[in-house]
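Colleague:
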């Protein structure tokens, strides 16, 4: 039997050290509306917010079509109690060139600075490099978002360059930084991988 292509496999649940990532469901949409109605939560996002429930419904239908093909969109849940705390995903999946773009938002502000975002990022990278066999994962972050930059650098991402005045947000044009992690850099990281954690149950 021919092994299925990576983008034809069933959508996974990915485990980290403190969180796990599951596919987004329609029942998550009211929670998304609540999260993205908060200006502080959405300040670092490249997309326009807030979003209405109708807009989220439309997004969900489009996402479902792309899910597992060009995009993987996950909900981040705490391992301790299964509580959803944010979203993360790989977008613009290009299996020919072996790259994708990472995005994340921790919607529950009480969970900021607890290490959940970094754990989710590690889990996504394990999925992207280990399961999808990507060569490169990249991301965009506002030059003014020093906290996020430090988090990405801690996870091994390297600054590649600056897109000057790339995005209009908060009443001004913002510089956007491009950061990336390559396969060999991921391989060199000394930590437990998502598939090892999955075996723990």
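In this note's numbering, the protein residues as written are 294 to 494. We put the CB at the ideal spot given by N, CA and C, even for glycine. Quantities reported herein were computed from a predicted structural model and do not represent experimental measurements.
For the alpha helix (DSSP H) containing residue 411, name the first residue and the last one.
Modeller: Element bounds for residue 411: 409–418.
Colleague: To the nearest angstrom, how far is it from the Cα of residue 371 to the Cα of residue 311?
Modeller: Going from the Cα of residue 371 to the Cα of residue 311 covers about 6 Å.
Colleague: Between which residues of its own chain and residue 429 is the CB-CB distance below 6 Å, once the five residues before and five after are set aside?
Modeller: Same-chain partners within the cutoff: 392, 473, 475.
Colleague: Only counting the same chain, and skipping five residues up and downstream in sequence, which positions put a Cβ closer than 6 Å to that of residue 459?
Modeller: Once the five neighbours on either side are set aside, the close Cβ partners of residue 459 are 469.
Colleague: Pick out the complete beta strand (DSSP E) segments inside the region 306–353, 3 residues or longer, and give them in chain order.
Modeller: Counting whole runs of 3 or more residues, the region 306–353 contains the beta strand (DSSP E) stretches 312–316.
Colleague: Tell me residue 472's beta-bridge partners as DSSP assigns them.
Modeller: For residue 472, which the question treats as bridged, DSSP gives the partners 432, 452.
Colleague: For residue 416 versus residue 337, is the C-beta spacing smaller than 7 Å?
Modeller: It is not a contact, given that the beta carbons lie outside the stated cut-off.
Colleague: Can you pull the DSSP bridge partners for residue 364?
Modeller: According to DSSP, residue 364 bridges with 360.
Colleague: Can you tell me which of the three DSSP states residue 394 falls into?
Modeller: If DSSP states are grouped into helix, strand and coil, residue 394 belongs with the strands.
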